[in-house]
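Okay, so here's the structure we're looking at.
Chains as they are written, first to last, in our numbering: chain S, 2 to 497; chain Z, 2 to 497.
Below you can see the structure in the form of structure tokens.
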């Protein structure tokens, strides 16, 4: 390896290390940091953001990057690393270091204020913090792209994606969701979730979640499972940390959270060991990341085959609680469609309507067409329009998600993109592994992991997400596979 | 504030932030990181060490430092900050960045290997890692001071201290320890620890430890108490994290660890809020830090007054376990003197012999006069000479402490210095708070905290430790207060 390449490798890997350190600080803050530590932590986040900015924009490393770029063509991995680092560098050069650092500090503070405000259902207490966040994030967006600040933010989560490309996709998702929802509601079938809403002791739920994650393939030597107010997964490679939450009166909360987060975690644990610190070895995009979580949560986790596997284990873990339940009953309960207030507990069909609402609102916030003070009203109005529901309080409404408090504008579309990718990936997997259902029913999840590993995990960030989708499935991203899947599944459950 | 001072403040505070981030990574690794994460964590530590080195040696910030130094005389706090930062900078300029970074990486790896080797009692498995650590730490020491590499390492923990200054002090400690030990052993009194060695369920021990820490003044809103293989305290100000360990058959393990770590933690939680990110606002030295831990563990925690307070609470926490025990009996049990193998469980008198042995060995290792391969024999020989004990295996011997694996050479003297400072401080406190025993017996620990707060916690790093000692007690550090205290206490316990 020549000196330039060596220096480029060191530079890009050290940037990756620093990103991982920031993840750890975020995880620690969400999971176990003492509450009074928030102010000093936010200073640490600010300092690290400044360090990262300086490191990425270092003029000497920038010159090395260009020299390496000029002759990286023969080495596709190196070329991919160059592409990712150049993108990061170009982006960083447009945003003043102080702005980036201040954003990190304010978002660190705002998350704790969001937690408190959510607990109290008190949007007004949170408003000034969210105003700061929106102001700073908007400034970042404008610095990156004065014409399309939202696109610039979106690109941080889904490289290459734009609002203009999302609009027709999301419009089709909305139309087809409404069509299918009407058929479900018109079916007259009675399906409910009562089987999940029995008394399930939290300690037993926790033990079951750990066992389930291990069954799906999560390596506890290289990861953790903890509790937090808002389930999430952080870290990568040999240190991947999931969090879930438990509701003693609703087993579904922890169960689907475990499936969802394990999907994220398997992706991170599955990255190519030879490129684990390289920029192009990392996960492709947040849309692809959410495709992994939603694939395990929905395509696998709500299938009849999964419940054939899972129910006997549940009966063992909760003796006497499920004696009257058979596979069909619990599989149907896992697929109840009912417009509801909380995104993370929404059914597979109406889930996307939650995302579409958030997308509209955040585009308006970043576009300067919606003031933070008017956000709760806009939210409540949107919930009536999209889901036909009245929001009783902000805790069940605009305060339910952590993302905006953390400055993650442009993230929400990843969920619906993830749903679309997941269905398209799983359709392809089903063609190549025709007996996948039988295998799921036997708990043989290895075939899914291996399929994903070769095609997605180890591909890392070599390609843009849209390209990856085409490479894996042979077709550009489409709304069809998701709705074909939903129609098939819901017509079984609701018998229409 | 002028521009230079503002820039100096930002520079020095960001350095402090980065040091705190490294602490968090260390804490996380010791307490809860997944085992397989060690390699990537060690890369992160290496990267952060490089970042810190670059930040401290930044030429522009160095010029600002000198300009601020030239006119800081009117502002004692600023002058103190300048002194600390100039010391850090001078030190960093002498050590190549790559060496500092590689040391951080190797020490990160070695700690996990030490944990494994200790578990297995297998020094040979750990030897190559320790060899790397010693080689790199020695290189650092030689880069800092080619004549006296050990002094340079010592200075990192106890600014201003030298091996030459320690020798006579430690020699006197050894002589007086031997003299007092002979009197204890010749007293014929029978005292034992049986009262601590009953069956104390770990969960109840844990609850008691939390209550005790809170009684002593630990603020759980600004800190945590967890378990780890080796008790320690990390973090500062509003995020202070203690760890302890539990032995179901020995209550003393957790109890004295709680007293010890709470001493550290109160110091960190007590730093001046107005200077919490400033270099001179931080703790003075590791010797002063250990004075705080040993003060609560020994001067307070082994006093009869403390047991008058603690015993009723223990009886409440462990119903039926201590019905036959009175204050005199448990206070005597807390002061049993008996040469033993494990430092952290040693009695107050023979404890320093453990330190003196480690001091001799590490001076020889860094001086190149002792090879790592010969360390176990030298250890075992030393234990016979110092304490008259045969070491049954390396787990109970050379593998018992984490310090060397973490590259902390020059740290061990802090414990004996801490014991000396603690006795001298407490002697002074007793003069100024004559009814301190009565207050301890009533659980009124606030008077001790307030005394320490004004004189030590909030003084931070304004003075070198030797100066601080003189300011607080009116005298230079002396061996007398410790042995006066020990003689008083042990003559009561052993009735000589």
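Note that the Cβ used here is the ideal one computed from N, Cα and C, for glycine as well.
Query: Closest residue to residue 246 (chain S) among S:165, S:259 and S:237 (Cα-Cα distance); Result: S:259
Query: Strand pairing of residue 251 (chain Z), partner residues [DSSP]; Result: Z:248
Query: Where the beta strand (DSSP E) containing residue 411 (chain S) begins and where it ends; Result: Residue 411 (chain S) -> no beta strand (DSSP E), and no H or E assigned at all.
Query: Inter-residue Cα distance where the pair is residue 495 (chain Z) and residue 313 (chain Z); Result: 24 Å
Query: Within 9 Å, strictly: CB atoms of residue 119 (chain Z) and residue 400 (chain Z); Result: yes
Query: Own chain, CB closer than 6 Å to residue 477 (chain S), minus 5 neighbours either side, in chain order; Result: 471
Query: Among S:44, S:178 and S:450, nearest to residue 488 (chain S) - alpha-carbon criterion; Result: S:178
Query: Span separating the alpha-carbon of residue 154 (chain Z) from that of residue 195 (chain Z); Result: 41 Å
Query: Cβ neighbours of residue 302 (chain S) in the same chain (closer than 7 Å, five flanking residues each side left out); Result: 257 and 260
Query: Amino acids of chain S, ordered along the chain, whose beta-carbon sits closer than 7 Å to that of residue 48 (chain Z); Result: 15, 18 and 19
Query: Every unbroken alpha helix (DSSP H) inside the stretch 194 to 275 of chain S [4 residues or more]; Result: 203 to 217 and 252 to 270
Query: Chain S contacts made by the stretch 235 to 247 of chain Z, where a contact means CB separation under 9 Å; Result: 236, 237, 238, 239, 240, 241 and 242
Query: Whole-angstrom distance between residue 279 (chain Z) and residue 10 (chain Z), CA atom to CA atom; Result: 8 Å
Query: Assigned secondary structure, residue 294 (chain S) (DSSP; H/G/I helix, E/B strand, else coil); Result: helix
Query: Chain S contact residues for residue 40 (chain Z), given Cβ-Cβ distances below 8 Å; Result: 239
Query: Neighbourhood of residue 100 (chain S) by C-beta distance below 8 Å, restricted to the same chain and skipping five residues each side; Result: 137, 140, 141 and 144
Query: Classification of residue 94 (chain Z) by the beta-carbon crowding that lies within 10 angstroms, buried from 16 upward; Result: exposed
Query: Where residue 23 (chain Z) falls: helix, strand or coil (DSSP); Result: helix
Query: Reference residue 473 (chain S); option with closest CA among S:130, S:463, S:457 and S:486; Result: S:457
Query: Beta carbon proximity, residue 2 (chain Z) to chain S, threshold 9 Å; Result: no
Query: Cβ neighbours of residue 51 (chain Z) in the same chain (closer than 6 Å, five flanking residues each side left out); Result: 98 and 102
Query: Residue 193 (chain S), buried or exposed, once every other Cβ within 10 Å from all chains shown has been counted against 16; Result: exposed
Query: Members of the stretch 208 to 227 of chain S that neighbour chain Z once the beta carbon cut-off is set at 8 Å; Result: 220, 221, 222, 223, 224 and 225
Query: CA nearest to the CA of residue 428 (chain Z), picked from Z:444, Z:255, Z:463 and Z:485; Result: Z:485
Query: Best match in Z:393, Z:463 and Z:430 for proximity to residue 448 (chain Z) [C-alpha to C-alpha]; Result: Z:430
Query: Residue 86 (chain Z), DSSP secondary structure in three states; Result: helix
Query: Through-space distance from residue 357 (chain S) to residue 467 (chain S), alpha-carbon basis; Result: 20 Å
Query: Residue range of the alpha helix (DSSP H) that includes residue 378 (chain Z); Result: 376 to 388
Query: Rounded straight-line distance, which links the Cα of residue 387 (chain Z) to that of residue 186 (chain Z); Result: 15 Å
Query: Rounded straight-line distance, which links the Cα of residue 317 (chain Z) to that of residue 91 (chain Z); Result: 55 Å
Query: Where residue 190 (chain Z) falls: helix, strand or coil (DSSP); Result: coil
Query: Supposed close pair residue 128 (chain S), residue 273 (chain S) - CB separation, criterion 8 Å; Result: Incorrect: roughly 44 Å between the Cβ atoms, too far for contact.
Query: Outcome for residue 343 (chain S) when other beta-carbon atoms lying within 10 angstroms are tallied against a minimum of 16; Result: exposed
Query: Member of Z:407, Z:340, Z:126 and Z:451 whose CA lies at the smallest distance from the CA of residue 231 (chain Z); Result: Z:407
Query: Three-state secondary structure assigned by DSSP to residue 478 (chain S); Result: coil
Query: DSSP-derived helix/strand/coil call for residue 397 (chain S); Result: helix
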